[in-house]
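2 protein chains.
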Amino acid sequence: MISRLSEYFFRTLREDPADAEFPGHKWLVRAGYIRRVAPGIFVWLPFGLRVYNKIEAIVREEMDAIGAQELRFGSLLPREPYEASHRWQDYGPTLFRLQDRKGADYLLGPTHEEFFTLIVKDLYSSYKDLPLILYHINVKYRDEARPRGGVLRCREFVMKDSYSFDVDDAGLAASYQQHRVAYQAIMDRLGLPYTVVHAMSGAMGGSRSEEFLIETDAGEDTFVVAPSGFAANVEAVRITPPPEVDAANVGPLQVVETPETPTIESLVAIINANYPLPDHSWSAADTLKNLVYKVTDVDGKESVLVVGLPGDREVDEKRLAAALEPSVAEPFADADFAAHPELVKGYIGPVKAGAGLFLGEKGSSQIKYLTDPRVVAGTRWVTGSNEVDRHQINVVFGRDFSSDGVIDVAEVRDGDPAPDGSGPLSLARGVELGHIFQLGRKYADALGLKVLDQNGKLVTVTMGSYGFGVSRAVGVIAEKTVDEKGLVWPKQVAPFDVHVIPAGKDDLVLATAEKLAEQLSEQGLEVLFDDRDVSPGVKFKDFEVIGVPTALIVGRGLANGVVEVKDRATLTSTEVKLDEAVDFVFTAAQVR
Amino acid sequence: MISRLSEYFFRTLREDPADAEFPGHKWLVRAGYIRRVAPGIFVWLPFGLRVYNKIEAIVREEMDAIGAQELRFGSLLPREPYEASHRWQDYGPTLFRLQDRKGADYLLGPTHEEFFTLIVKDLYSSYKDLPLILYHINVKYRDEARPRGGVLRCREFVMKDSYSFDVDDAGLAASYQQHRVAYQAIMDRLGLPYTVVHAMSGAMGGSRSEEFLIETDAGEDTFVVAPSGFAANVEAVRITPPPEVDAANVGPLQVVETPETPTIESLVAIINANYPLPDHSWSAADTLKNLVYKVTDVDGKESVLVVGLPGDREVDEKRLAAALEPSVAEPFADADFAAHPELVKGYIGPVKAGAGLFLGEKGSSQIKYLTDPRVVAGTRWVTGSNEVDRHQINVVFGRDFSSDGVIDVAEVRDGDPAPDGSGPLSLARGVELGHIFQLGRKYADALGLKVLDQNGKLVTVTMGSYGFGVSRAVGVIAEKTVDEKGLVWPKQVAPFDVHVIPAGKDDLVLATAEKLAEQLSEQGLEVLFDDRDVSPGVKFKDFEVIGVPTALIVGRGLANGVVEVKDRATLTSTEVKLDEAVDFVFTAAQVR
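From first to last, the protein sequence lines stand for chains A and B.
With our numbering applied, the first sequence corresponds to residues 4 to 595, in that order.
With our numbering applied, the second sequence corresponds to residues 4 to 595, in that order.
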């Protein structure tokens, strides 16, 4: 197959697109692979579609290899099953909703758990029909608040989603493991180094879940890696609480004057000056910061939540969101504080001096109060006194105050101890390309998917759900392989195998290049032939921008019977005898 | 490739699905190819997806063969370009509209003229870049009032739509002709006999357009074929007006009493009895029926329209819709008549006796009045007198009344004279599988697609638009090939090449069948292997239902060294020696 650039529907752009933050996105647009249609919505131009199709084929082959069967649902789906699973509500504004001409409610499918559950319920009824793995590769929709990175986070994207159906937990574990192996095979074939991280399962429900993350600066998922190899999404990190402390020697709770302490640092300074400790200085880690949130649940009901955590840590908004999901939290605004005069901004604490417990459902405020896992019995804190310009010191958890429970939402830091005790954690950023879940029986319960077991008894099926971002993979590979000159495709997903460039207007150069292009095509290679009437410089530059792995350049050397083979990744050239060129390129084009 | 029925995700149903009107639809559901998700929305089960994919591949190959380049837009599209082309309004309730979380308007693409126009505008700027043909194969959405026939008319469906871009009319004609040839090749490869009919272009705009119709009772498009071979969609039939008549000898307009004439027949009878003509009887064709419609234009403005046509014809609602598009007409309801007391239901006529012209913008009613092309100067009519129980006779067009214009919306009947004078028309029903349009400059004008011509002058590009119903083709082929036992796939689109059936529980039978399945698979055939633990009768029945073209049956004959090869279409069997079976089936499976 030969594609002639003179006729090919593409244009390279000289300017970076305004919305492109990352180099892969930038070059995908500049090289004519994708174009923006609307925020988070792209068209695949011919180059881009070729890369996309190769990735899709690899994903399909590996799914077929584990015995998964392909079918295909559409994207326009009626509301009712999503109502039964609560996702109609739980997805919030991320779900695209619409009505048909009769006023019936529809949505654009974000994933298809409900309908796969229903189709299995429709067709199958016995344990003999299981295990079963079904999948489809189709367009998904999510109305992301912040689409970003080109095809990395879109509102319209292609996902491979598969679903496993088993009669028991052991079966689910096996189906899950099959997917884990398939995903590793896909990542290897795509040439992507990956990290498998433990993950929260988000709105999906379920128990065990892992993400396949590709480390890149363009990623928006932060994950941690322990020296043991344990890796987790920050949302899934559970810190190990420190041991309880004996507070017998801690003096009584004391209210202290702390005027002009707008920051934790200024508070620590004044306390160290006026109330020094015998053995060490007070630090930010000794202060207990109490942050107030307005929490809205899926039915729209609002409540107030105070989160108490050490003053040297911030709340990680993603960890907070994951902890409260499907409810949504917003920090208290001035208007909210005005409506709650009992909450003295900047001076909130669990205890009201002289009046006992203030925060918590059992406190006088009756406001829910959750504390960081580091707040264990016997720990001594500096915290607010619920009066302007006053704090309290020696406030001991378990002695002076309590909370309504633990909330583990403080930021995780590089160097924090790993939950498994193997040493300090490292933080990295990555893009989630695959996600495997043990859903369990949530959807089967909600939609009544039961089969008869070996004893003729109806049992609820247990399910897994496994997503892979097919269109996102185009963007991830671009980000991982791009250089300062343009795209650099790995052979297995490149839009073409070889880019043939006649460098010169000489008839012999053109005829030789065309003949080589034909011979390479006859060998089964996909050939991009730059037959345009432009200068060699423009052609070389476009070769670097487009990123086909190998160029075959026919130029001045032809007089001496040689042509040049150039490797896009290394930009190194090899002189090859004309009659050996086809074999040389054919060998170079093979995927190892 | 061997697929084992014991593990295959399918179930045959014993009962006809309630909503299946046509045999193809019925068997696609019963055989486990498709399942309904919502009205006009289906899931493709594994069998169905295999057939769909084969059709898609054929369409893609033929598009590539004419040099069309594939890209891919999504389905979720912003409103603005459709506003510029007026389709946002013109599509009416057939367009699925929705808003995103920011309140921006989106639609689900019914076709993509606007965005293909914009992407060419974005990338190209010179006549040197043209001609150009682009296409994509993607999911389309139309909120059909009456989805029907399973995948024949869906609200969510897959269409191949291509678009041609040329600098001049000659170029457009050439691109159109290329598509015509490609569509003929597709139809031939799908094994579908087709009729190319002249068509109205509907909301698409444009000039020349033809439909590729497949004749079937399941079709909802009526088309006519003339003895000359001329064929047209009924919407596109333009009847030849009869010659004008000399009305010199027609007596004066006369008001006649016509009590108790609820029907045209009773009216004709009373007129014949009381006012006989010397040379022939009055017939229904002599009466002028005046029907009242409420017309709503795209801006929601309502107006009244009276259509006058011979009393022996009905208005064809589709022809009326096509004639008024994008406005929409509804017959006057009782409430509408109540609001217009001047329109005396059952007695409406163009003339008010003693008061002159009544209907028409120049008449006293000022109500728009359009008449059938058969109403030519000198024709004499029996019509309403605008008073209860009274009609008028000898009402002559051009002498006693006029209209605001011609409207050609009366039903076309089998035997009507062909517009080209070649004889009587035949009527048939068909499904539209392809539609090719010469759009002209409508979209390029609306969206500003211009290129520099050879003289450096900006010229507006002229476009064609070419649709092919890929998912619909599955349904059409099913309708055309189904028999009373089930589906009967042509080889080129069958889900499998051969269906291997061990008929018996004997180990040797099973082992032999499995070995043959493997050998056939090694020959490159797609093998469906019925390894289920069910009776031979069930297997034979499912073979007939599923419709793989050829079965290889291993049964009792094995003792004598023979197996049976059964052809699904003819249900004839051939005994074949065991060691010749693979060759025999391989040969039988080839597409001629």
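Ideal Cβ placement from N, Cα and C applies to all residues, glycine included.
The beta strand (DSSP E) that contains residue i, what's its start and end?
i              : result
residue 201(A) : 198 to 201
residue 168(A) : 159 to 169
residue 269(B) : No beta strand (DSSP E) contains residue 269(B), which is instead part of the alpha helix (DSSP H) from 267 to 277.
residue 323(A) : Looking at the DSSP string, residue 323(A) is not in any beta strand (DSSP E); the run it does join, the alpha helix (DSSP H), is 320 to 327.
residue 309(A) : 305 to 313
residue 260(A) : 257 to 260
Tell me the residue span of the alpha helix (DSSP H) that contains residue i.
i              : result
residue 190(B) : 172 to 193
residue 124(A) : 116 to 126
residue 522(A) : 510 to 525
residue 545(A) : 539 to 549
residue 2(B)   : For residue 2(B) there is no data in the structure shown, the boundaries of chain B being 4 and 595.
residue 27(A)  : 26 to 33
residue 586(B) : 584 to 592
residue 91(B)  : 90 to 93
Strictly below 9 Å CB to CB, what residues from chain C border residue i?
i             : result
residue 52(A) : No chain C is present in this structure, whose protein chains are A and B.
In terms of DSSP beta bridges, what is residue i paired with?
i              : result
residue 480(B) : According to DSSP, residue 480(B) bridges with nothing at all.
residue 334(A) : 296(A)
residue 441(A) : 467(A)
residue 555(B) : 503(B), 568(B)
Among the options, whose alpha-carbon lies nearest the alpha-carbon of residue i?
i              : options                        : result
residue 414(B) : 324(B), 104(B), 263(B), 48(B)  : 324(B)
residue 470(B) : 160(B), 57(B), 530(B)          : 160(B)
residue 55(A)  : 499(A), 584(A), 544(A)         : 499(A)
residue 558(A) : 72(A), 539(A), 124(A)          : 539(A)
residue 332(A) : 172(A), 307(A), 344(A), 265(A) : 307(A)
residue 164(B) : 146(B), 440(B), 480(B), 43(B)  : 440(B)
residue 550(A) : 560(A), 593(A), 491(A)         : 491(A)
residue 530(B) : 502(B), 202(B), 518(B)         : 502(B)
residue 136(A) : 21(A), 52(A), 68(A), 393(A)    : 68(A)
residue 371(B) : 479(B), 353(B), 133(B)         : 353(B)
residue 589(A) : 78(A), 494(A), 276(A), 157(A)  : 494(A)
residue 594(A) : 66(A), 117(A), 552(A)          : 552(A)
residue 484(B) : 23(B), 21(B), 27(B)            : 27(B)
residue 597(B) : 236(B), 232(B), 229(B), 212(B) : Here chain B has residues from 4 to 595 only, and residue 597(B) is not among them.
residue 266(A) : 386(A), 188(A), 19(A)          : 386(A)
residue 458(B) : 118(B), 364(B), 170(B), 359(B) : 170(B)
residue 19(A)  : 541(A), 497(A), 488(A), 583(A) : 488(A)
Taking 7 Å as the cut-off, does the CB of residue i come closer than this to any heavy atom belonging to the ligand FAD?
i              : result
residue 363(A) : The model on display carries no ligand, and the ligand FAD is accordingly not part of it.
- Query: Should the region 127 to 140 of chain B be called in touch with the region 85 to 93 of chain A, which here means at least 3 C-beta pairs below 8 Å?
  - Reply: no
- In chain order, what residues of the region 22 to 47 of chain A put their CB closer than 7 Å to some CB of chain B? 38, 40, 41, 44, 46, 47
- Message: If contact is defined by three or more beta carbon pairs under 8 Å, each pair taking one atom from either stretch, is the region 340 to 349 of chain A in contact with the region 310 to 327 of chain A?
- Response: no
- Message: Contact between the region 329 to 341 of chain A and the region 396 to 403 of chain A is defined here as three or more beta-carbon pairs at a separation below 8 Å; is this criterion met?
- Response: no
- Message: I want to know whether the region 503 to 521 of chain A touches the region 184 to 194 of chain A - three or more CB-CB distances under 8 Å.
- Response: no
- Looking at chain B, which residues of the region 143 to 172 of chain A have a Cβ within less than 8 Å of any of its Cβ atoms? 144, 146, 148, 158, 159
- Task: Residues of the region 499 to 532 of chain A with a CB closer than 7 Å to any CB of chain B: list them in chain order, please.
- Result: none
- Item | Where the region 316 to 342 of chain B meets chain A: residues whose CB sits under 8 Å from a CB there | Residues passing the 8 Å Cβ filter: none.
- Message: Taking 8 Å as the cut-off, does the region 244 to 263 of chain A touch the region 444 to 461 of chain A (at least 3 CB pairs, one atom from each stretch)?
- Response: no
- Are there three or more Cβ pairs, one per stretch, closer than 8 Å when the region 560 to 578 of chain A is compared with the region 520 to 527 of chain A? no
- Item | Meets three-Cβ-pair contact criterion under 8 Å: the region 47 to 65 of chain A and the region 104 to 111 of chain A | no
- Query: Can you list, in chain order, the residues of the region 10 to 21 of chain B whose Cβ is nearer than 8 Å to any Cβ on chain A?
  - Reply: The region 10 to 21 of chain B vs chain A, Cβ under 8 Å: 10, 11, 12, 13, 14.
- Can you list, in chain order, the residues of the region 440 to 453 of chain B whose Cβ is nearer than 9 Å to any Cβ on chain A? none
- Query: How about the region 7 to 20 of chain A and the region 29 to 40 of chain A: do they share at least three Cβ pairs that are nearer than 8 Å?
  - Reply: yes
- Does the pairing of the region 171 to 191 of chain B with the region 142 to 151 of chain B give three or more beta-carbon distances under 8 Å? no
- When you check each C-beta in the region 78 to 91 of chain A against every C-beta of chain B, which residues fall closer than 8 Å? 78, 79, 80, 81
- Message: Would you call the region 290 to 301 of chain A in contact with the region 414 to 432 of chain A, where contact means no fewer than 3 C-beta pairs closer than 8 Å?
- Response: no
- Report the residues of the region 279 to 302 of chain A with a CB closer than 8 Å to any CB of chain B, ordered along the chain. Listed by position, the residues of the region 279 to 302 of chain A near chain B (Cβ gap below 8 Å) amount to none.
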